[in-house]
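Student:
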Amino acid sequence: MNLPEFGHQCVSLTRDPAVALHFAYLARDNGAECGHVYVLDRMKLGSRYKIEPRSENWWDYREEAEEAIWRSISNLHLFVTSVVEVRSLELESAVSM
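Per our numbering, the very first residue in the sequence shown carries number 203; after that it's consecutive.
1) Helix, strand or coil: how does DSSP classify Arg289 here?
2) Grab me the residues of Leu247's own chain with a C-beta within less than 6 angstroms of its C-beta, minus the 5 sequence neighbours each way, in chain order.
3) When the Cα atoms are used, what is the spatial distance from Ser257 to Asp218?
4) Are the beta-carbon atoms of Glu268 and Leu205 separated by less than 9 angstroms?
5) Helix, strand or coil, according to DSSP, for Pro219 in the structure here?
What follows is the structure, encoded as structure tokens:
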């Protein structure tokens with residue numbers, strides 16, 4: 203997982219499923235129809251990368267769940283325990299009609 207070209211130069215993590223789903227539901231700028239939530243093994247990840255608390259103050263009551271790794275993560279597959287595909291709400295409603 204590479205660092206973003208814009209914004210904070212880190213891999214952002216959350217322990218809050220609602221926050222993960224919020225970002226997975228956002229529109230994609232690459233044409234993809236769905237987002238994904240990667241569930242990671244925090245113990246394995248933490249043994250190889252320094253996970254630091256991160257506070258942006260825009261999720262006031264959830265800031266304690268936000269974390270960052272300030273470098274790219276190589277071999278991401280070693281830390282993934284599951285992947286959840288999240289289709290946009292608009293796509294879901296269009297399919298169910």
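Beta carbons: idealized from backbone N, C-alpha and C, even for Gly. Given the structure is predicted, the values throughout are model-derived calculations rather than measurements.
Tutor: Looking at the coordinates:
1) Here the question's residue 289 lines up with position 87 in the sequence shown. In this structure, Arg289 counts as strand in the three-state DSSP scheme.
2) Translated into the one-based positions of the sequence shown, residue 247 becomes position 45. Cβ contact annotation for Leu247 (same chain, cutoff 6 angstroms, sequence separation greater than five): Phe281, in chain order.
3) To locate residue 257, count along the sequence shown from 1; it is residue 55. To locate residue 218, count along the sequence shown from 1; it is residue 16. Here the alpha carbon of Ser257 sits roughly 14 angstroms from the alpha carbon of Asp218.
4) Stepping through the sequence shown from its first residue, residue 268 is reached at position 66. Stepping through the sequence shown from its first residue, residue 205 is reached at position 3. In this structure, Glu268 keeps its C-beta atom at 9 angstroms or more from the C-beta atom of Leu205.
5) If you number the sequence shown from 1, residue 219 lands on position 17. In this structure, Pro219 counts as helix in the three-state DSSP scheme.
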